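Asker:
Protein chains: 2
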Amino acid sequence: MASSIERRSGVSLWRQIADRILQGIATGDFAENSALPPEMALAELYGVNRHTVRSAIAALVQEGVLRAEQGRGTFVLSRKRLSYPIGARTRFSTGLQGQTTERHIALLSSSTEPANRRIAEALGIARGSTVIRLETRGEADGHAVSRATTWFDAKRFAGIETAMAETGSITASLKGFGINDYLRHSTMLSARHADADDLADLDLQPGAIVLVTMSVNVTLDGQPIQFAESRFPAERVELKLSAND
Amino acid sequence: MASSIERRSGVSLWRQIADRILQGIATGDFAENSALPPEMALAELYGVNRHTVRSAIAALVQEGVLRAEQGRGTFVLSRKRLSYPIGARTRFSTGLQGQTTERHIALLSSSTEPANRRIAEALGIARGSTVIRLETRGEADGHAVSRATTWFDAKRFAGIETAMAETGSITASLKGFGINDYLRHSTMLSARHADADDLADLDLQPGAIVLVTMSVNVTLDGQPIQFAESRFPAERVELKLSAND
DNA sequence: CTAATTTGTCTATTGATATAGATAACTATA
DNA sequence: TATAGTTATCTATATCAATAGACAAATTAG
Chain C
1066 MASSIERRSG VSLWRQIADR ILQGIATGDF AENSALPPEM ALAELYGVNR HTVRSAIAAL
1126 VQEGVLRAEQ GRGTFVLSRK RLSYPIGART RFSTGLQGQT TERHIALLSS STEPANRRIA
1186 EALGIARGST VIRLETRGEA DGHAVSRATT WFDAKRFAGI ETAMAETGSI TASLKGFGIN
1246 DYLRHSTMLS ARHADADDLA DLDLQPGAIV LVTMSVNVTL DGQPIQFAES RFPAERVELK
1306 LSAND
Chain W
1066 MASSIERRSG VSLWRQIADR ILQGIATGDF AENSALPPEM ALAELYGVNR HTVRSAIAAL
1126 VQEGVLRAEQ GRGTFVLSRK RLSYPIGART RFSTGLQGQT TERHIALLSS STEPANRRIA
1186 EALGIARGST VIRLETRGEA DGHAVSRATT WFDAKRFAGI ETAMAETGSI TASLKGFGIN
1246 DYLRHSTMLS ARHADADDLA DLDLQPGAIV LVTMSVNVTL DGQPIQFAES RFPAERVELK
1306 LSAND
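Chains as they are written, first to last, in the numbering used here: chain C, 1066 to 1310; chain W, 1066 to 1310.
1. Starting from Gln-1081 (chain C), trace the alpha helix (DSSP H) both ways and give me its first and last residue.
2. What do you get for Leu-1276 (chain W), buried or exposed, if any count of 16 or more other CB atoms within 10 angstroms of its CB means buried?
3. Which residues, in order along the segment 1131-1143 of chain W, keep a beta-carbon less than 7 Å from a beta-carbon of chain C?
4. Using alpha carbons as the reference points, say which of C:Tyr-1149, C:Thr-1232 and C:Thr-1159 lies closest to Ala-1171 (chain C).
5. Out of W:Ser-1280, W:Thr-1284, W:Glu-1300 and W:Arg-1301, which one is the CA nearest neighbour of Phe-1292 (chain W)?
6. Pick helix, strand or coil for Asp-1268 (chain C), following the three-state DSSP scheme.
7. Since Glu-1294 (chain W) and Thr-1177 (chain W) should fall inside the 8 Å C-beta cutoff, what is the C-beta to C-beta distance between them, to a whole number of angstroms?
8. Taking Ile-1151 (chain C) and Leu-1306 (chain W) to be in contact with their CB atoms under 8 Å, please state how far apart those CB atoms are, rounded to whole angstroms.
9. Do Leu-1101 (chain W) and Leu-1107 (chain W) have their C-beta atoms within less than 8 Å of each other?
10. Where does Glu-1109 (chain C) fall in DSSP's three states?
11. Kindly list the residues whose CB is nearer than 7 Å to the CB of Gly-1044 (chain C), restricted to its own chain and excluding five residues on each side of it in sequence; keep chain order.
12. Verify the CB distance criterion: does Ala-1378 (chain C) have a CB-CB separation below 8 Å to chain W?
13. Determine the closest residue to Thr-1139 (chain C) out of C:Ser-1077, C:Ile-1086 and C:Val-1210, with distance taken between C-alpha atoms.
14. What residue range does the alpha helix (DSSP H) around Thr-1201 (chain W) cover?
15. Checking contacts by CB at 8 Å: is Leu-1276 (chain W) closer than that to chain C?
16. Could you tell me which of W:Thr-1278, W:Ser-1158, W:Ala-1185 and W:Glu-1200 sits nearest to Ser-1175 (chain W), measuring between CA atoms?
17. From Ala-1256 (chain W) to Gly-1089 (chain C), what does the alpha carbon distance come to, in whole angstroms?
18. Under DSSP, the alpha helix (DSSP H) around Gly-1160 (chain C) begins and ends at which residues?
19. Would you give the residue range spanned by the alpha helix (DSSP H) that Gln-1127 (chain W) belongs to?
20. Could you tell me which residues DSSP pairs with Thr-1177 (chain W) in its beta bridges?
21. Report the option in W:Gln-1164, W:Glu-1104, W:Glu-1167 and W:Ala-1123 whose CA atom is closest to the CA atom of Arg-1137 (chain W).
22. Indicate whether the contact test is met: 3 or more Cβ pairs, each with one atom in the segment 1235-1251 of chain W and one in the segment 1149-1165 of chain W, closer than 8 Å.
23. Arg-1115 (chain C): buried (16+ other C-beta within 10 angstroms of its C-beta) or exposed?
24. With DSSP run on the structure shown, which of helix, strand or coil describes Arg-1182 (chain W)?
25. If I measure Cβ to Cβ from Ser-1074 (chain C) and keep anything under 7 Å in the same chain, skipping five residues before and after, which residues do I get?
26. Tell me where the alpha helix (DSSP H) around Glu-1300 (chain C) begins and ends.
27. Tell me the DSSP bridge mates of Ser-1211 (chain W)?
28. Determine the extent of the beta strand (DSSP E) in which Ser-1251 (chain C) is found, giving its start and end residues.
29. What separation, rounded to the nearest whole angstrom, lies between the Cα atoms of Ala-1209 (chain C) and Asp-1266 (chain C)?
30. Going along chain W, which residues have a C-beta under 8 Å from Ser-1077 (chain C)?
31. Taking all protein chains shown into account, do 16 or more other C-beta atoms lie within 10 angstroms of the C-beta of Ala-1185 (chain C), making it buried, or fewer, making it exposed?
32. Which class does Thr-1166 (chain C) belong to by DSSP, given the choice of helix, strand or coil?
33. Anything in chain W within Cβ reach of Arg-1212 (chain C), meaning under 8 Å, just list it in chain order.
34. What's the gap between the Cα of Gly-1009 (chain C) and the Cα of Ile-1274 (chain W)?
35. Quick one: Cα of Ala-1223 (chain W) to Cα of Lys-1240 (chain W), how far?
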């Protein structure tokens, strides 16, 4: 099961090994709150030099995943991944209930712009009509767990940025526009390396992977009201897709 | 909108830029069947040396995404990403209808093993009971689009590997066990770098990203029948999550 | 045909990555 | 206290990654 490591890949060995260790923690191969195998054993396991393993460990120590203690060993700190549910009733706050004590959406900035083809199609409006663009960050217990760009039809939702800034909730903001309930219509999902903006906004280390969703929310009678692109740090969040609910 | 590139990240600049170009093609910033901006322009756009851009382009040429022609330019070949639908009625073959002319599941190997905790919980059986493990690759028009490991309760589905090898379809194989319909109960989703096995099985270039789903299928009355971990190449497949259907 | 544009190739230099070996510092335990 | 096991630090070397500049080769525009 110990598949090997790729050389000359554009991804450095220490980064690949750091990823493997993270994976090992997630799958339970490396138990939380206990010691990792010694550096020499890891080096042999992955087929690399001990110093390369040390680079990987150093990165994970920097990330707060591991703690190294001279003479004793390197220990896995406890840090569970959040499970973010996606379904017909996807909502940021309620989705993380039980996993976090506090969560909210911070409004980073807002602006208006003409709708490009993709946004116009998603919202069912004319290409070039004005849309409101919100840049937001989802936070839970003080940690960034998502980074989203959201578009609304400016005609219908004028002033929604004010409501967002005040309430910290999309659901609450939409109530002010007479929308008491809405559904997730569709979600497109992909993944990529975090770019510099993601790194800054989500407090990630270079080389991290982000899950990217493009989603459309609709009213109960099917009218599109919201289009969003959301980025989730793959090392801290996994998405739980449920057919029902 | 042109967010910059991360240095000293463990991920080389040329790999990051190759990812950005792939992203640009996916979002339509770089149109298919037409020329990319000149190397000098890309170098300026991303803030790197021309030779670094050339390394990225070389990797994508190798991957079959671009074609470089001396004196003319570098062209984006047409290769749309497959959209793989995930919902209550997720099925490999029907999901790709209309996007491909041919698709099937190839059985790479099969074996039996005792169920670990995760598999036992998913299938609702006792930990340590025997399960059948299938290693499969989904292929569409001759290209690998998924790589899955699937577990079935050995007691109930004895011999399913033979049916899989013959039919190339999970749905057809389950019919032989009296299951004419089934539903996707839940899906957990994450992403990581492709490991050496993924690279070989999915015919990927080093540094590629794979989407990983862990899913449980159940009968109409809710009995779990199948647990699977599937890997999709993020550069060739995106997942389309639909609430309905 | 000429000039401009664009990709291809070459040399050179610097810094990051990876390997190798030796030794120090620290911890736990017999 | 002595020893084994572990992480920390140091030197050294080779290769990869990135930058820089110059020029060749092919194509297109005028």
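Here a beta-carbon is modelled for each residue, glycine too, at the ideal position from N, C-alpha and C.
Here the structure is a predicted model, which is why all the values come from computation and not from measurement.
Answerer: Reading it off the structure:
1. To locate residue 1081 (chain C), count along the first sequence from 1; it is residue 16. Element bounds for Gln-1081 (chain C): 1078-1092.
2. Your numbering for residue 1276 (chain W) matches position 211 in the second sequence. Label assigned to Leu-1276 (chain W): buried.
3. none
4. As a first step, residue 1171 (chain C) must be located in the first sequence, where it is residue number 106. When only C-alpha atoms are compared, the closest one is C:Thr-1232.
5. Here residue 1292 (chain W) refers to the residue found at position 227 when the second sequence is read from its first residue. The candidate whose alpha carbon is nearest that of Phe-1292 (chain W) is W:Ser-1280.
6. Here residue 1268 (chain C) corresponds to residue number 203 of the first sequence, with the count starting at 1. Asp-1268 (chain C) falls in the coil class under three-state DSSP.
7. Numbered from its first residue, the second sequence carries residue 1294 (chain W) at position 229. Numbered from its first residue, the second sequence carries residue 1177 (chain W) at position 112. Not confirmed; about 17 Å, so no contact.
8. If you number the first sequence from 1, residue 1151 (chain C) lands on position 86. If you number the second sequence from 1, residue 1306 (chain W) lands on position 241. Contact holds; Cβ gap of about 6 Å.
9. As a working mapping, residue 1101 (chain W) is identified with position 36 in the second sequence. As a working mapping, residue 1107 (chain W) is identified with position 42 in the second sequence. Cβ distance < 8 Å, so Leu-1101 (chain W) and Leu-1107 (chain W) count as in contact.
10. Numbered from 1 along the first sequence, position 44 holds the residue referred to as residue 1109 (chain C). Here Glu-1109 (chain C) sits in helix by DSSP.
11. The structure shown does not extend to residue 1044 (chain C), since chain C spans only 1066 to 1310, so no value can be given for it.
12. Residue 1378 (chain C) cannot be examined here, being either before or after the span of chain C that is shown, 1066 to 1310.
13. As a position in the first sequence, residue 1139 (chain C) is number 74, starting the count at 1. Here the closest residue by C-alpha is C:Ile-1086.
14. Here residue 1201 (chain W) corresponds to residue number 136 of the second sequence, with the count starting at 1. Not the alpha helix (DSSP H): Thr-1201 (chain W) falls in the beta strand (DSSP E), residues 1195-1205.
15. Here residue 1276 (chain W) refers to the residue found at position 211 when the second sequence is read from its first residue. With 8 Å as the cut-off, Leu-1276 (chain W) counts as an interface residue toward chain C.
16. What you label residue 1175 (chain W) is simply residue 110 of the second sequence in a count that begins at 1. Selected option, being the one with the closest Cα: W:Glu-1200.
17. One-based indexing of the second sequence puts residue 1256 (chain W) at position 191. One-based indexing of the first sequence puts residue 1089 (chain C) at position 24. Approximately 14 Å between the Cα atoms of the pair.
18. As a first step, residue 1160 (chain C) is located in the first sequence; it is residue number 95 there, counting from the start. Here the alpha helix (DSSP H) through Gly-1160 (chain C) covers 1157-1160.
19. By 1-based counting over the second sequence, the position of residue 1127 (chain W) is 62. Looking at the DSSP string, the run of the alpha helix (DSSP H) that includes Gln-1127 (chain W) is 1115-1128.
20. Counting from one through the second sequence, the residue named residue 1177 (chain W) turns up at place 112. BP columns for Thr-1177 (chain W) point to W:Ile-1197.
21. In the second sequence, counting from the first residue as 1, residue 1137 (chain W) sits at position 72. Answer by Cα proximity: W:Glu-1104.
22. yes
23. On the first sequence, residue 1115 (chain C) is found 50 positions in, with the first residue counted as 1. Counting Cβ neighbours within 10 Å, Arg-1115 (chain C) comes out exposed, since fewer than 16 surround it.
24. The residue labelled residue 1182 (chain W) in the question sits at position 117 within the second sequence. In this structure, Arg-1182 (chain W) counts as helix in the three-state DSSP scheme.
25. Counted from its first residue, the first sequence places residue 1074 (chain C) at position 9. So the list is empty, once near-sequence residues are dropped.
26. Along the first sequence, one-based indexing puts residue 1300 (chain C) at 235. Per DSSP, Glu-1300 (chain C) belongs to no alpha helix (DSSP H) and is neither H nor E.
27. Along the second sequence, one-based indexing puts residue 1211 (chain W) at 146. BP columns for Ser-1211 (chain W) point to W:Gly-1203.
28. For the purposes of this step, residue 1251 (chain C) is identified with residue 186 of the first sequence, where counting begins at 1. Residues 1248-1258.
29. On the first sequence, residue 1209 (chain C) is found 144 positions in, with the first residue counted as 1. On the first sequence, residue 1266 (chain C) is found 201 positions in, with the first residue counted as 1. Looking at the two C-alpha atoms, the distance is approximately 8 Å.
30. Counting from 1 along the first sequence, the entry for residue 1077 (chain C) is found at position 12. Within 8 Å Cβ-Cβ: Gly-1075, Val-1076 and Ser-1077.
31. Numbered from 1 along the first sequence, position 120 holds the residue referred to as residue 1185 (chain C). Buried, by the Cβ-count rule.
32. Working through the first sequence from its first residue, we reach residue 1166 (chain C) at position 101. Three-state result, Thr-1166 (chain C): coil.
33. For the purposes of this step, residue 1212 (chain C) is identified with residue 147 of the first sequence, where counting begins at 1. The premise fails here: Arg-1212 (chain C) is roughly 12 Å from chain W at the closest Cβ pair, so nothing lies under 8 Å.
34. The first residue shown for chain C is 1066 and the last is 1310, placing residue 1009 (chain C) beyond what the model contains.
35. For this step, residue 1223 (chain W) is matched to residue 158 along the second sequence. For this step, residue 1240 (chain W) is matched to residue 175 along the second sequence. Cα to Cα, the separation comes out at about 13 Å.
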